[in-house]
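Protein chains in written order, with this note's numbering: chain A, 64 to 725; chain B, 131 to 313.
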């Protein structure tokens, strides 16, 4: 009964969404106020019915109703309640329902919070948002219904991929989807702007907060995903250039470019057409990612459920959305105004460079992801492109990007003489150079590349903080005056500083973790030790045990350094009988300077255990950096300029003594 | 920036044009049989080789190890995500006593050894081909790939992509049995 109600909710949502599309697009065209009001109500109603359907699906998992196919295939009665709930979206049907739920959520949020938007524009945005919903609701109802019944009803469910039985899974996909799908707003606003032929900054102003929200969620989602991989997959890696990881990285990279180019449109009214194109492309990357994951077109460790028919359906949706959007862009964009002129050496100039580099970097990831597919088509070979490719392409192109991101915010809008730039950057240069020399000398010249990357990290962090120093005119005015200036700085400036400094932390973590990594393997019996980076690791015991849904063996490892109190780690191996498979839970000791990572391997016939141990210097900064970046986005969101109506917004910020606000 | 009109038009049309090409490629990708068989090198003699070791206290892998025998050679790398997918199948075959040799391709041998230690080692002999020289001679385009070589040292079969249990049962095992029997 509940399943049928759920199905009915989805069908109702589909009908409401059709109304939303027609009322939105037609109503805006006819300037019919009544129709335009209906659009907003429809967007909210659509969300309510999809949320209801989703809640019912969660309920079916909670009560383990195995007469419903997805529940039987992905759950089991013995599973802890927490994982019964999270397995709602740990499968194809449920995750697609979550996908449209989030899509509808953004539509409803625009409807509720976009009160200050011009009515026809808002109606068009919601109309376009509804069009996307329509496609995906149809996809769910016709090819992937989560409410399909199973007969005869099995007594017990088939369980759930053990790798996914982890708290990380609870948060990872929903956040990833909030980001991924959140970029639909960029698409809807861009398309609505194209339909209206708007060449003003209005659409960017209204779209920007939504784009930032999506970007924050995606940043957190990717960060959590890599953290999860780090401790769950048991080999100390955090990024594998897997097609599915790339599928989330590409919208992030383009979304980052979009956040920056939107800034140029908004503040300086330049890059108008380009930003619309980026809006379309960013969401297209999300769609492409969904297509890759759901079609299984590329071999990936992440492909949980694949089906070519579903792939074909999503491809059609991709063609309609992206193809349609780009075709509209081809027709309408030449009509749009070109925007204002700026000099090459200027804030705009640096942001253009930022965009070029980000798009190029996205291009390399795209190539690496789809090259195997191309080769498959042309030569019928099936290959996979691994880390060496990205080390050769992505990494060298990221370097200039990291250089520019410090210089750019130091430049003035419109035109900058470039004079005194060296002075503005001197502290960052100095610290970066010092780090370079210290690390290179400390490693006796053996780690020059690593030293360069760490210097780069220091350059970014210090350079980002220098933005605050410059904006508050430290050294030029008295300290109290600087403090007053600091208080007056808009949240966006702090957001900028945090987000950029976060990148610096990330770079430090990546460089430290990858280039100074040390590792070893030992076969240890109880009580045996092995030396590692100035410490002694001792296996003091291995205990078996049992939890509700798995059995485990837990090693106890003592870490001794000198005479002090030993540290303890408890690496685990888990066995899930329902799926007959193993997972690893590494024991990790986290310190700001580096992680000590221990994983428990197999037991040999003589009773000894394989212990693998790693040192990942600075690795924790990878995830801290991701968090700080997201925090920066969150702070920027509070900037009043994100929420003002354009009419009330001053035409140009009043410039205080030559230095522009962020 | 005022751009000349043709540039503006080109810039407007280029994205959709590129996308159409991509969409066609994706559509073909969907209809493509992901495991279609290539047959370029099949029938030709395998190159001779002598590879260094990957595992600790190991002797590596060379032509001498397989001369006069039917050999299964698997190309892998610790960086290769598809190899991870294939790996349980290899472990399963190894557990059933099938001899498979591995070539650790374009990989730091230490990483390769760590990978084997981590996920299990299905290989009888493992050789290090960090430079990719042998793989080049074998015509390897990516990992994983698997070759079956007969007693006279000729390549008799090449599989691009992961071995699946079905493929092993239906194609590879019968071929090996036939080659073992002496044609």
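C-beta: ideal position from N, C-alpha, C; glycine also.
Going along chain B in order, which residues have a C-beta closer than 9 Å to the C-beta of residue 675(A)? Sequence index remark: in the first chain, residue 675(A) carries index 612 (1-based). Going along chain B in sequence order, the residues near residue 675(A) (Cβ under 9 Å) are 244, 247 and 248.
Coarse secondary structure for residue 683(A), derived from DSSP in three states: Locating residue 683(A) in the first chain gives position 620, counting from the first residue. Looking at residue 683(A) - three-state DSSP - the assignment turns out to be helix.
Reducing DSSP to helix, strand and coil, say where residue 142(B) ends up. Within the second chain, numbered from 1, the residue matching residue 142(B) stands at position 12. Annotated three-state conformation of residue 142(B) is helix, per DSSP.
Residue 289(B) in three-state terms, based on DSSP: The residue given as residue 289(B) occupies position 159 in the second chain. It is a strand residue.
Residue-level contact to chain A via CB, residue 149(B), 8 Å cutoff: The residue labelled residue 149(B) in the question sits at position 19 within the second chain. Cβ-Cβ to chain A under 8 Å: yes for residue 149(B).
Fully enclosed by the region 610-645 of chain A, which beta strand (DSSP E) runs are 3 residues long or longer? The region 610-645 of chain A contains these whole beta strand (DSSP E) runs: 614-623, 630-632 and 635-639.
Using the Cα positions of residue 258(A) and residue 121(A), report the straight-line distance between them to the nearest angstrom. Taking the first residue of the first chain as 1, we reach residue 258(A) at position 195. Taking the first residue of the first chain as 1, we reach residue 121(A) at position 58. The alpha-carbon of residue 258(A) is positioned some 39 Å away from that of residue 121(A).
Taking the beta carbon of residue 236(B) as the centre, do at least 16 other beta carbons fall within 10 Å, making it buried, or is it exposed? Here the question's residue 236(B) lines up with position 106 in the second chain. By the beta-carbon neighbour count (other beta carbons within 10 angstroms, threshold 16), residue 236(B) is buried.
Taking the alpha-carbon positions, what's the residue 582(A) to residue 303(A) distance? Counting from one through the first chain, the residue named residue 582(A) turns up at place 519. Counting from one through the first chain, the residue named residue 303(A) turns up at place 240. Rounded to whole angstroms, the gap between the alpha carbons of residue 582(A) and residue 303(A) is 18 Å.
C-beta atoms of residue 335(A) and residue 421(A) nearer than 8 Å: As a working mapping, residue 335(A) is identified with position 272 in the first chain. As a working mapping, residue 421(A) is identified with position 358 in the first chain. Not closer than 8 Å, so no.
For residue 205(B), which of helix, strand or coil comes out of DSSP? Your numbering for residue 205(B) matches position 75 in the second chain. Strand, per DSSP.
Cβ closer than 7 Å: which chain A residues qualify as neighbours of residue 89(B)? The structure shown does not extend to residue 89(B), since chain B is modelled only from 131 through 313, so no value can be given for it.
Check whether the Cβ of residue 363(A) lies closer than 8 Å to any Cβ atom in chain B. Counted from its first residue, the first chain places residue 363(A) at position 300. Note that residue 363(A) scores a pLDDT of 45, beneath 50, so its modelled location is shaky; the value from the coordinates is reported in the next line. Residue 363(A) counts as touching chain B.
Check the Cβ of residue 138(B) against every Cβ in chain A and list those closer than 7 Å, keeping chain order. Taking the first residue of the second chain as 1, we reach residue 138(B) at position 8. In chain order: 397.
Step through the CB atoms of chain B and report whether any lies within less than 8 Å of the CB of residue 582(A). Locating residue 582(A) in the first chain gives position 519, where the first residue counts as 1. For residue 582(A), the answer is yes, since a Cβ of chain B falls inside 8 Å of its Cβ.
Closer than 8 Å, CB to CB, is residue 457(A) near chain B or not? For the purposes of this step, residue 457(A) is taken as the residue at position 394 of the first chain. Residue contact check for residue 457(A) against chain B: no CB pair falls below 8 Å.
Which of the three DSSP states, helix, strand or coil, is assigned to residue 173(B)? In the second chain, counting from the first residue as 1, residue 173(B) sits at position 43. It is coil, neither helix nor strand.
Tell me the DSSP bridge mates of residue 235(B)? Translated into the one-based positions of the second chain, residue 235(B) becomes position 105. Residue 235(B) is bridged to 259(B).
Where does residue 151(A) land, buried or exposed, given buried means 16+ other C-beta within 10 angstroms? Walking along the first chain from the start, residue 151(A) turns up at place 88. So residue 151(A) counts as buried.
State whether the region 675-684 of chain A contacts the region 657-666 of chain A, with contact taken as three or more CB pairs (one from each stretch) at a distance under 8 Å. Contact between the region 675-684 of chain A and the region 657-666 of chain A is present, because at least three Cβ pairs lie under 8 Å.
Taking buried to mean at least 16 other C-beta atoms within 10 Å of its own C-beta, is residue 507(A) buried or exposed? Here residue 507(A) refers to the residue found at position 444 of the first chain. Label assigned to residue 507(A): exposed.
Chain A contact for residue 156(B) (CB, 8 Å cutoff): For the purposes of this step, residue 156(B) is taken as residue 26 along the second chain, with counting starting at 1. Closer than 8 Å to some Cβ of chain A, the Cβ of residue 156(B) qualifies, so yes.
Residue 512(A) classed as buried or exposed, judged by whether at least 16 other C-beta atoms fall within 10 angstroms: Start at 1 with the first residue of the first chain, and residue 512(A) comes out as number 449. The residue in question, residue 512(A), is exposed, as its Cβ has fewer than 16 Cβ neighbours within 10 Å.
Residues in the region 370-391 of chain A with C-beta within 8 Å of chain B's C-beta atoms, listed in sequence order? Those would be 371, 374, 375, 378, 381, 382, 385, 386, 389 and 390, in chain order.
Residue 555(A) touches chain D at which residues, Cβ-Cβ below 7 Å? Among the protein chains in the structure shown, which are A and B, there is no chain D.
Between which two residues does the beta strand (DSSP E) harbouring residue 705(A) extend? As a working note, residue 705(A) is residue 642 in the first chain. Neither: residue 705(A) is in no beta strand (DSSP E) and is coded neither H nor E.
For residue 139(A) versus residue 220(A), is the C-beta spacing smaller than 8 Å? Taking the first residue of the first chain as 1, we reach residue 139(A) at position 76. Taking the first residue of the first chain as 1, we reach residue 220(A) at position 157. Yes, they are a contact pair.
Roughly how many angstroms separate the alpha carbons of residue 342(A) and residue 197(B), rounded to a whole number? To locate residue 342(A), count along the first chain from 1; it is residue 279. To locate residue 197(B), count along the second chain from 1; it is residue 67. Residue 197(B) has its alpha-carbon roughly 60 Å from the corresponding atom of residue 342(A).
Scan the region 223-234 of chain B for residues whose Cβ lies nearer than 8 Å to a Cβ of chain A and list them as they occur along the chain. Within the region 223-234 of chain B, no residue has a Cβ that lies closer than 8 Å to any Cβ of chain A.
Counting only Cβ-Cβ distances shorter than 7 Å, please list the residues of the region 189-217 of chain B near chain A, keeping chain order. Taking 7 Å as the Cβ-Cβ cut-off against chain A, the residues of the region 189-217 of chain B that qualify are 207, 209, 210, 211, 212, 214 and 215.
Residue 474(A) to residue 537(A), Cα distance in whole Å? Taking the first chain and counting its residues from 1, one reaches residue 474(A) at position 411. Taking the first chain and counting its residues from 1, one reaches residue 537(A) at position 474. Residue 474(A) and residue 537(A) have their C-alpha atoms some 17 Å from each other.
Do residue 350(A) and residue 393(A) have their CB atoms nearer than 8 Å? On the first chain, position 287 is the one that residue 350(A) refers to. On the first chain, position 330 is the one that residue 393(A) refers to. No. Outside cutoff.
With 16 as the cutoff for other CB atoms within 10 Å, does residue 144(A) come out buried or exposed? For the purposes of this step, residue 144(A) is identified with residue 81 of the first chain, where counting begins at 1. Sixteen is the threshold: since fewer than 16 other Cβ atoms of the shown chains lie within 10 Å of the Cβ of residue 144(A), the residue is exposed.
Measuring alpha carbon to alpha carbon, tell me which of 700(A), 158(A), 578(A) and 569(A) ends up nearest residue 233(A). As a working note, residue 233(A) is residue 170 in the first chain. Comparing C-alpha distances from residue 233(A) to each of 700(A), 158(A), 578(A) and 569(A) shows the shortest one belongs to 158(A).
State buried or exposed for residue 129(A), treating a residue as buried only when at least 16 other CB atoms are found within 10 Å of its CB. Here residue 129(A) corresponds to residue number 66 of the first chain, with the count starting at 1. Residue 129(A) should be labelled buried.
Buried or exposed: which applies to residue 348(A), given that a residue is buried once 16 or more other Cβ atoms fall within 10 Å of its Cβ? The residue given as residue 348(A) occupies position 285 in the first chain. It counts as buried.
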